[in-house]
Each structure stands twice: as C-alpha cells, then as structure tokens.
Amino acid sequence: MLTSTQLNTMLNLQAKMNQKVNAQWLTAGYQYLRAAMIEAVEGIEHHGWKWWKAQQKDLPQLQMELVDIWHFALSAIIIDFDGNIESSANTIASELNNGVQSVTFDGKEYAFNNQDILENLELMAGLCAAKRFSVPLFIKVLEQAEMDSQELYRQYVGKNVLNFFRQDNGYKEGNYHKIWNNREDNEHLVEILNELDISLTNYSDCVYDGLQKRYPV
Numbered sequence: 001m002l003t004s005t006q007l008n009t010m011l012n013l014q015a016k017m018n019q020k021v022n023a024q025w026l027t028a029g030y031q032y033l034r035a036a037m038i039e040a041v042e043g044i045e046h047h048g049w050k051w052w053k054a055q056q057k058d059l060p061q062l063q064m065e066l067v068d069i070w071h072f073a074l075s076a077i078i079i080d081f082d083g084n085i086e087s088s089a090n091t092i093a094s095e096l097n098n099g100v101q102s103v104t105f106d107g108k109e110y111a112f113n114n115q116d117i118l119e120n121l122e123l124m125a126g127l128c129a130a131k132r133f134s135v136p137l138f139i140k141v142l143e144q145a146e147m148d149s150q151e152l153y154r155q156y157v158g159k160n161v162l163n164f165f166r167q168d169n170g171y172k173e174g175n176y177h178k179i180w181n182n183r184e185d186n187e188h189l190v191e192i193l194n195e196l197d198i199s200l201t202n203y204s205d206c207v208y209d210g211l212q213k214r215y216p217v
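Taking UniProt numbering, I'd label the letters of the sequence shown as residues 1 to 217.
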C-alpha cells in the first residue's frame, strides 16, 4: 500500500512537472483522462488481444503504460481539488483503503476482481472516456500486470525525476547528453533505483543526486 509520504511525493512531483510545461496548467483545460484512456488502450495492445494472429505479451511495455496512466490520473485528481495536494492525497488514500471491489459504469456493476486484465483495461479506458478514474481498479490492473504499489512508486519517481533532470541539463535547448559512458540515461537510472531504499523520505532527491553524480560535466 502506498504510504502518505509516497503519495505526497508523487503528487508534488507531478504538480511541479506540469508547472514546467505550463504555469497555468490547472486551468488550461488539458484532457488528462483522455490521455489516460489512450494509454489504457495502448496497454491492451501491448498485452495482445487479437484472436486472428499470433501475439506475444510485452509485459515491460504494459507496465510502462500503467506508470504513464498514473501520471495523468494524478494530474486530473490535483485539478479536481484546485491544486490542493493534501486533499488530493487524502482522497487517493481513502480510495485505497475503502475496500471497493467493483465500479458502476453505464448502469452496470463490474466486479473487477473477477475480470481479467484485458477486461479491466477496457473498463478503465471506458471510465476515463467518461471523465472518471477508479484508484482501486487501477491497483487491480497493476497486480494483474505483475506490479505492486511499491514498484509503481519506484518506477513513477524514477521516470519523473529523470524528466526533471533532463530539463535542468539543457534537454529543451538540445544541450543534454542522453548517452553517458556508452549507456543511455535510462540504464543509469535503473541502477540508481536498484541501489536506493524507497522508504527514504527524500527518495526523489536521492534519485536526482544519483543522476547528477554520474552525469559528465
């Protein structure tokens, strides 16, 4: 289960990243749940669903889509509370703790614990299209994609911090070097994440510091 510290870390990181994109992002009218819907559909594609051809599940790509969905979902939740991080965190925590095992959509109740991952991704896409997001449903899909909330936190923070690091080191201006010591920055990130304890209260700062120490000046 995500801790209060982890929720606040992720929400603050998301708000700061959105602020980098547009200082007025809270009122810009960006369709974050539409973006989440598209990612859910892409997740279906990575899993494979076509009965008329041979397909192989690409689990890492599916997991990456789920991390992206979480970015967009957090953004939508923050907007719902006019930028109030504490209220956003409390709402997510409440949803995580309320024991809900179904959602009602278009007048029908769906018990997502009894559905497979493709059915649940499809349900998530439908909810997002209707401008709704279910945290318990999302956590169930994570479980079905062989992730847990701690792995979500690890991957989310890693990807977000790397995006910040790129921007701070000239990514927009074209001065950033994506390859360090013959390896991509993503590879360095994986090593740094594997070395750190995710229970650290300054976890995101430690990830950033780890990248900074490795980055060639």
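Where a beta carbon is used, it is the ideal one built from N, C-alpha and C, also for glycine.
Local conformation of residue i per DSSP, three classes
| i | result |
| --- | --- |
| K16 | helix |
| V100 | coil |
| W25 | helix |
| I198 | coil |
| residue 264 | The chain is shown only over 1 to 217; residue 264 falls outside these bounds and no answer can be derived. |
| N169 | coil |
| Y153 | helix |
| T3 | coil |
| K50 | coil |
| residue 218 | The question about residue 218 has no answer here: the residues shown for the chain are numbered 1 through 217. |
| G158 | helix |
| V217 | coil |
Residue i - containing beta strand (DSSP E), residue span
| i | result |
| --- | --- |
| E109 | 108-110 |
Boundaries of the alpha helix (DSSP H) in which residue i is found, first to last residue
| i | result |
| --- | --- |
| L66 | 59-80 |
| P136 | 135-144 |
| E122 | 117-129 |
| M37 | 32-47 |
| Q212 | 203-214 |
Within 8 Å, strictly: CB atoms of residue i and residue j
| i | j | result |
| --- | --- | --- |
| W25 | Q31 | no |
| L121 | G43 | yes |
| L211 | H188 | yes |
| F81 | S87 | yes |
| I92 | I77 | yes |
| D58 | H46 | yes |
| R154 | I198 | yes |
| A89 | N202 | no |
| S149 | M17 | no |
| V157 | V207 | yes |
| I117 | V141 | yes |
| D215 | N175 | Sequence check: residue 215 is Tyr here, not Asp. No, they are not a contact pair. |
Residues sharing a beta bridge with residue i, DSSP
| i | result |
| --- | --- |
| F105 | K108 |
**Request:** For the region 120-133 and the region 28-40, state whether three or more C-beta atom pairs, one from each stretch, are separated by less than 8 Å.
**Result:** yes
**Message:** Does the region 134-152 come into contact with the region 93-106, if we say contact requires no fewer than three beta-carbon pairs (one atom in each stretch) closer than 8 Å?
**Reply:** yes
**Message:** Below 8 Å, how does it come out for the region 5-21 and the region 161-178: are there three or more Cβ pairs, yes or no?
**Reply:** yes
**Message:** Counting beta carbon pairs with one atom in the region 53-71 and one in the region 144-151, are three or more of them shorter than 8 Å?
**Reply:** yes
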